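One structure below.
Protein chains: 2
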Amino acid sequence: MILEKSEMAHDGETIADVMLDIGRRARSAARDLATAPTEQKNEALLAAARNLYDHLPIIRDANQADLTLARESGMAPAYIDRLTLDKARVNAMGRSLEEIAQLEDPVGAIMASWTRPNGLKIDRVRTPLGVVGIIYESRPNVTSDAAGLCIKSGNAAILRCGSDSFATCHVILDCLRKGFTEAGLAPDVITLVPTKDRDAVGLMLGGLSGAIDVIVPRGGRSLVERVQSEARVPVFAHLDGVCHVYVDRGADLEEAVSIILNAKLRRTGICGAAETILIDKNAEADLATPIVEALLDAGCEVRGDNAVQAISAAVLPATETDWRTEYLDAIVSVKMVDGVDGAMAHIGRYGSGHTEAILTECYGTAELFLKKVDSAIVMHNASTQFADGGEFGMGAEIGIATGRMHARGPVGVEQLTSFKYVVRGAGQIRPK
Amino acid sequence: MILEKSEMAHDGETIADVMLDIGRRARSAARDLATAPTEQKNEALLAAARNLYDHLPIIRDANQADLTLARESGMAPAYIDRLTLDKARVNAMGRSLEEIAQLEDPVGAIMASWTRPNGLKIDRVRTPLGVVGIIYESRPNVTSDAAGLCIKSGNAAILRCGSDSFATCHVILDCLRKGFTEAGLAPDVITLVPTKDRDAVGLMLGGLSGAIDVIVPRGGRSLVERVQSEARVPVFAHLDGVCHVYVDRGADLEEAVSIILNAKLRRTGICGAAETILIDKNAEADLATPIVEALLDAGCEVRGDNAVQAISAAVLPATETDWRTEYLDAIVSVKMVDGVDGAMAHIGRYGSGHTEAILTECYGTAELFLKKVDSAIVMHNASTQFADGGEFGMGAEIGIATGRMHARGPVGVEQLTSFKYVVRGAGQIRPK
Numbered sequence: 094m095i096l097e098k099s100e101m102a103h104d105g106e107t108i109a110d111v112m113l114d115i116g117r118r119a120r121s122a123a124r125d126l127a128t129a130p131t132e133q134k135n136e137a138l139l140a141a142a143r144n145l146y147d148h149l150p151i152i153r154d155a156n157q158a159d160l161t162l163a164r165e166s167g168m169a170p171a172y173i174d175r176l177t178l179d180k181a182r183v184n185a186m187g188r189s190l191e192e193i194a195q196l197e198d199p200v201g202a203i204m205a206s207w208t209r210p211n212g213l214k215i216d217r218v219r220t221p222l223g224v225v226g227i228i229y230e231s232r233p234n235v236t237s238d239a240a241g242l243c244i245k246s247g248n249a250a251i252l253r254c255g256s257d258s259f260a261t262c263h264v265i266l267d268c269l270r271k272g273f274t275e276a277g278l279a280p281d282v283i284t285l286v287p288t289k290d291r292d293a294v295g296l297m298l299g300g301l302s303g304a305i306d307v308i309v310p311r312g313g314r315s316l317v318e319r320v321q322s323e324a325r326v327p328v329f330a331h332l333d334g335v336c337h338v339y340v341d342r343g344a345d346l347e348e349a350v351s352i353i354l355n356a357k358l359r360r361t362g363i364c365g366a367a368e369t370i371l372i373d374k375n376a377e378a379d380l381a382t383p384i385v386e387a388l389l390d391a392g393c394e395v396r397g398d399n400a401v402q403a404i405s406a407a408v409l410p411a412t413e414t415d416w417r418t419e420y421l422d423a424i425v426s427v428k429m430v431d432g433v434d435g436a437m438a439h440i441g442r443y444g445s446g447h448t449e450a451i452l453t454e455c456y457g458t459a460e461l462f463l464k465k466v467d468s469a470i471v472m473h474n475a476s477t478q479f480a481d482g483g484e485f486g487m488g489a490e491i492g493i494a495t496g497r498m499h500a501r502g503p504v505g506v507e508q509l510t511s512f513k514y515v516v517r518g519a520g521q522i523r524p525k
Numbered sequence: 094m095i096l097e098k099s100e101m102a103h104d105g106e107t108i109a110d111v112m113l114d115i116g117r118r119a120r121s122a123a124r125d126l127a128t129a130p131t132e133q134k135n136e137a138l139l140a141a142a143r144n145l146y147d148h149l150p151i152i153r154d155a156n157q158a159d160l161t162l163a164r165e166s167g168m169a170p171a172y173i174d175r176l177t178l179d180k181a182r183v184n185a186m187g188r189s190l191e192e193i194a195q196l197e198d199p200v201g202a203i204m205a206s207w208t209r210p211n212g213l214k215i216d217r218v219r220t221p222l223g224v225v226g227i228i229y230e231s232r233p234n235v236t237s238d239a240a241g242l243c244i245k246s247g248n249a250a251i252l253r254c255g256s257d258s259f260a261t262c263h264v265i266l267d268c269l270r271k272g273f274t275e276a277g278l279a280p281d282v283i284t285l286v287p288t289k290d291r292d293a294v295g296l297m298l299g300g301l302s303g304a305i306d307v308i309v310p311r312g313g314r315s316l317v318e319r320v321q322s323e324a325r326v327p328v329f330a331h332l333d334g335v336c337h338v339y340v341d342r343g344a345d346l347e348e349a350v351s352i353i354l355n356a357k358l359r360r361t362g363i364c365g366a367a368e369t370i371l372i373d374k375n376a377e378a379d380l381a382t383p384i385v386e387a388l389l390d391a392g393c394e395v396r397g398d399n400a401v402q403a404i405s406a407a408v409l410p411a412t413e414t415d416w417r418t419e420y421l422d423a424i425v426s427v428k429m430v431d432g433v434d435g436a437m438a439h440i441g442r443y444g445s446g447h448t449e450a451i452l453t454e455c456y457g458t459a460e461l462f463l464k465k466v467d468s469a470i471v472m473h474n475a476s477t478q479f480a481d482g483g484e485f486g487m488g489a490e491i492g493i494a495t496g497r498m499h500a501r502g503p504v505g506v507e508q509l510t511s512f513k514y515v516v517r518g519a520g521q522i523r524p525k
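From first to last, the protein sequence lines stand for chains A and B.
Residues in the first sequence are numbered consecutively from 94, following my numbering.
Residues in the second sequence are numbered consecutively from 94, following my numbering.
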């Protein structure tokens, strides 16, 4: 149900009141969901998928309404595309829920187990985090993907969609909630914030009086930046994915070209796409020329330092800003560096802590790089575009985190959990 | 070296400048420390211990100076006792560092390892968190205990001691730093904030422009409360340890009395001490009378609900406040509840998420309690006073956390780490 601001305001109820009530109800629903049986959670996910398939016409109607408003307000075509749901996309949302149902349930898993000399048996057991707040923008499919991952990991979810997908997301939420309740879960395990008022975001970032355990922003840089700077609760996110590929003197040239073209150009808009290529200037044979030419031939704009500019007139000069830029486009910055130490110094200065790769047949150099570079993901002789929960075999992910706390790298169902210690005794008391 | 505010102010340098510089230097030192060999870190810890032993007279002189000031300002005897260092206590600090040296190095440990169908080999590898900020009060031994745990886990530490132990802690820090540098570590792996100005705490809680990854407060409730409410970086802490022991109808009475006396009275001042006893009113034989009498006989003040007050005239009435109070003293609140569900409802309402125990020979009831109660530590037939990193076999702890994120329960060297993914390939590129 979508509330108008005026409706909420009646009886003097403020947005803060509405949000605090949502928080309280989510926290309460989370308590039961935390120990819900795996079968029930899986049934809920499958029922939600069925409800999406069954309500395709209603979803499309709501989406048309959102699209009409978006076109009237002159949104860019790329934006309109992200907002659009057709049958294939709705089916993909349903399938994604079915895949999440297939994942192993992390809750209750015994992470470690040991017995103390006094006979106490200690288990470290996975538990849900509690309540996850998700703040997202135009893609309506985040509604079901994020909700599905939260339910599977035993967490209640409070979703705040973008204003432009408001109608679409509410219909999707109704389908999900219908499925969840059909399986006997409480309706409040999932809530969509019923107002477009931006104050709701600020209230969520404040944690709703302790009702939200973690915030996951899904969207562009400005959203993530606001969330990271304002949130008073932990945030799983990455601000930038300025991913580096370092081509060492020991690299196999053919393999290097193949990996670099894939890392940069397979899909330029994903966070694991390479943005800067660092090339060892100490290579006996020249690595830079064929790599730069391959990038130019593939239609990629190359911005380089002086040495790279000397390779081709087509290379544009790179500025200081380029080394910090996540292009998310067919543009790459290329720099000559003094071996692996030069590469690591550059990454230490300009990297965003997301994913960096080294290409070399010299395993000693590779291991040094893998050990010393402090990014969420470090790779040897592979494309940075593998930086993805699905490619890691972790199943669907709610995002990739670059913070060092709790969840780092792909955030899947396991990363949406906490743990507790279960101690089983036989009357032990602690000696003086 | 201890700076006076006037010294820092010269050349227009503000406290913020000093603190930001400390942050930058700690971050830089943390980078090298992150990959320092285990042997070097252990040598550093042993050398630090030697320096503490060797400088006992200087430490005692500084401590005498602090004690004189504390007595002049009329500090309570318990406070004076916490502040006092004698030979035994300095030796204990040294031994604690030697024990930390014996712990397994968590850094570099492979937490999980798997190979993808495309041949990519993925390791999840432990890494340090980075820079740990520790804010503590009167106990000078926190300086060496906390620093030792940070160094072992590869983290740089920025320490902010209490004003009353300023001289003592600075001499201890000089000893530690001397030891660390003798082993070849950078001096900036450990810093003690060189001013008593309270603004320094606020600056640390702000994270020093991203230089601090986590804050650990060590001290009383008011310190932890301030840190939790103001910190803009993650905090490992617990505000309260209102630990419950629930005595089920299935409990063995003799064992229950033994555990309750230990849980409440072994040491009343530790966070794992029991504060509330919940007794099943459905017990066929009366459990409450012998338990309450045993507590009274042991010299414990008992505050109870009506049913408990009926047991003995010595029982005082418990107010609503009692159920929320961590006495840290020989006082206990006792309540009759309607079975395990009543106990869990009480804990859900009043618990602080630290440690709760169930006493029963009925394993079904015990497992229900262990599963449903969402505290950092849940126990069956054992004393809550085992809630301690050392007793868990995790080695020394920097504290106990009740948050659900990252570290929960005892925070030892392993909990002071993060992780990264190391991906080893052979030229793999990601298919379209």
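For every residue, glycine included, the Cβ atom is placed at its ideal position computed from N, Cα and C.
Keep in mind it's a predicted model, so treat the numbers as computed, not measured.
At a cut-off of 8 Å between beta carbons, E197 of chain B makes no contact with chain A.
With the rule of 3 Cβ pairs closer than 8 Å, the stretch 172-184 of chain A does not count as touching the stretch 193-207 of chain A.
The three-state reading of DSSP puts I203 of chain A in strand, counting E and B together. Scanning its chain for C-beta atoms nearer than 7 Å, with the 5 sequence neighbours on each side dropped, one finds around K289 of chain B the residues S256, F259, in chain order. Annotation: the stretch 262-328 of chain B contains the following complete segments of the alpha helix (DSSP H) (minimum length 4 residues), in chain order: 292-298, 314-323. Annotation: S302 of chain B to F273 of chain A spans about 43 Å, alpha carbon to alpha carbon. Judged by DSSP secondary structure, P503 of chain A falls outside any alpha helix (DSSP H) and instead within the beta strand (DSSP E) spanning 502-504. Using a CB distance below 7 Å, the part of the stretch 448-468 of chain A facing chain B consists of L463, K464, K465, D467, S468, ordered along the chain.
The continuous stretches of beta strand (DSSP E) do not include C393 of chain A, and DSSP gives it neither H nor E. A contact is defined here as three or more CB-CB pairs under 8 Å, and the stretch 315-335 of chain A meets this definition with respect to the stretch 497-513 of chain A. Burial check for T208 of chain A: the Cβ neighbour count within 10 Å stays below 16, so the residue is exposed.
The C-beta distance from L190 of chain A to S231 of chain A rounds to 20 Å, too long to fall under 8 Å, and the pair is not in contact.
Under the three-state reduction of DSSP output, P150 of chain B falls in the helix class. Taking the Cα of A185 of chain A as reference, the smallest distance to any Cα among A:V515, A:N355, A:A400, A:A142 is reached at A:A142. If you ignore the 5 residues before and after G312 of chain A, its C-beta comes within less than 6 Å of the C-beta of Y229, E230, all in its own chain and listed in chain order.
Within the stretch 297-320 of chain B, the residues whose Cβ lies closer than 8 Å to any Cβ of chain A are, in chain order, D306, V307. Taken in chain order, the whole alpha helix (DSSP H) runs of length 4 or more contained in the stretch 450-515 of chain A are 456-465. Taken in chain order, the unbroken stretches of alpha helix (DSSP H) that lie wholly in the stretch 166-218 of chain B and span 4 residues or more are 170-176, 180-195. In terms of Cα proximity to A122 of chain B, the closest of B:V282, B:L252, B:L196, B:A356 is B:V282. For A293 of chain B, the CB contacts under 7 Å within the same chain, skipping 5 residues up- and downstream, are I108, M112, R253, V286 in chain order. Take E136 of chain B, set aside five residues on each side of it, and the residues of its chain with a beta-carbon closer than 7 Å to its own are A276, in chain order. With contact defined as three or more Cβ pairs closer than 8 Å, the stretch 476-496 of chain A and the stretch 511-522 of chain A are not in contact. Within the stretch 323-338 of chain B, contact with chain A at the beta-carbon level (separation under 7 Å) is assigned to P327.
For K513 of chain B, a Cβ of chain A is located within less than 8 Å of the residue's own Cβ. Selection A:T448, A:P310, A:G457 evaluated against A469 of chain A yields A:T448 as nearest (Cα-Cα). With distances taken between CA atoms, G223 of chain A lies nearest to A:V307 out of A:N234, A:E419, A:V307.
In the structure shown, V225 of chain B falls within a strand segment according to DSSP collapsed to helix, strand and coil. At least 8 Å separates the beta-carbon of A475 of chain A from that of I363 of chain A.
Residues are counted here when their Cβ sits less than 7 Å from a Cβ of chain B; for the stretch 131-157 of chain A the count is zero. With a cutoff of 8 Å on beta-carbon distance, A387 of chain B and L354 of chain B are scored as near each other. Residue state for T414 of chain B is assigned as helix, using DSSP reduced to three classes. Burial check for S166 of chain B: the Cβ neighbour count within 10 Å stays below 16, so the residue is exposed. Interface flag for N355 of chain B against chain A is set, since a Cβ pair is found closer than 8 Å. Taken in chain order, the complete alpha helix (DSSP H) segments of 4 residues or longer contained in the stretch 106-150 of chain B are 108-126, 131-147.
Between the beta-carbon of A155 of chain B and that of T261 of chain B there is about 5 Å, and that keeps the pair under the 8 Å contact cut. Beta-carbon to beta-carbon, W416 of chain B and S426 of chain B are separated by about 6 Å, close enough to satisfy the 8 Å threshold.
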